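One structure is given here, and the rest of the page talks about it.
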Amino acid sequence: MPVTKGTSARGEWQRQDVVFEMNEGSFTRKICVTFFNRPDDVARLKEGAAYTVSVNIESREYNGRWYTDVRAWRLQPKQESAPAPPMPDMPPIAEETSYASSPAEAADDLPF
78 MPVTKGTSAR GEWQRQDVVF EMNEGSFTRK ICVTFFNRPD DVARLKEGAA YTVSVNIESR
138 EYNGRWYTDV RAWRLQPKQE SAPAPPMPDM PPIAEETSYA SSPAEAADDL PF
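Here my numbering = 1-based position in the sequence shown + 77.
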């Protein structure tokens, strides 16, 4: 969206709204986020890239109507999660050996 500039009692300001798409499974949601005095963040954005955007959400009333602002305060490129390393092949499980070779030897041989 176009940049809006102005001057207040605290000095010059600028804001720019950016529409992000969030893909949640089969649903796509669009969210308009305001970057207030953050032109460097907006300049880094590339269409089609994924970002993590930290925002503050605030609503206010004006003339009987409510308006909600979603203001960005941090922008980071989304890190693609690295695929899990492949599991090493598990060695075959050896059959448990029996220490008694005959039923007589398997009997209790402890002294009384």
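Note that CB positions come from ideal geometry on N, CA and C, so glycine has one too. Computed from a predicted structure; not experimentally measured.
Since I believe Trp90 is in contact with Phe113 (beta carbons under 8 angstroms), could you give me their beta-carbon distance rounded to a whole number of angstroms? Locating residue 113 in the sequence shown gives position 36, counting from the first residue. Locating residue 90 in the sequence shown gives position 13, counting from the first residue. At roughly 7 angstroms, the Cβ-Cβ gap stays under 8 angstroms, so Phe113 and Trp90 are in contact.
For Gln153, count neighbouring Cβ atoms within 10 angstroms of its own Cβ and tell me buried if that reaches 16, exposed if not. Stepping through the sequence shown from its first residue, residue 153 is reached at position 76. Gln153 comes out exposed.
Using the rule of at least 16 other Cβ atoms within 10 Å of the residue's Cβ for burial, across every protein chain shown, is Ala149 buried or exposed? Within the sequence shown, numbered from 1, the residue matching residue 149 stands at position 72. Sixteen is the threshold: when 16 or more other Cβ atoms of the shown chains lie within 10 Å of the Cβ of Ala149, as they do, the residue is buried.
Quick check on Ile134 - is its C-beta less than 9 angstroms from some C-beta in chain B? Chain labels in this structure do not include chain B; a single protein chain is all it has.
Please list the segments of the beta strand (DSSP E) lying wholly inside the stretch 121 to 152, counting only runs of 3 or more residues, in order along the chain. The stretch 121 to 152 contains, as complete beta strand (DSSP E) runs of 3+ residues, the segments 128 to 139 (chain order).
Can you tell which of Arg87, Tyr139, Phe104 and Ile108 has the C-alpha that lies nearest to the C-alpha of Met78? One-based indexing of the sequence shown puts residue 78 at position 1. Here the closest residue by C-alpha is Ile108.
Leaving out five residues before and five after Glu124 in sequence, what residues of the same chain have Cβ atoms less than 6 angstroms from its Cβ? Taking the sequence shown and counting its residues from 1, the one referred to as residue 124 is at position 47. Here the set comprises nothing.
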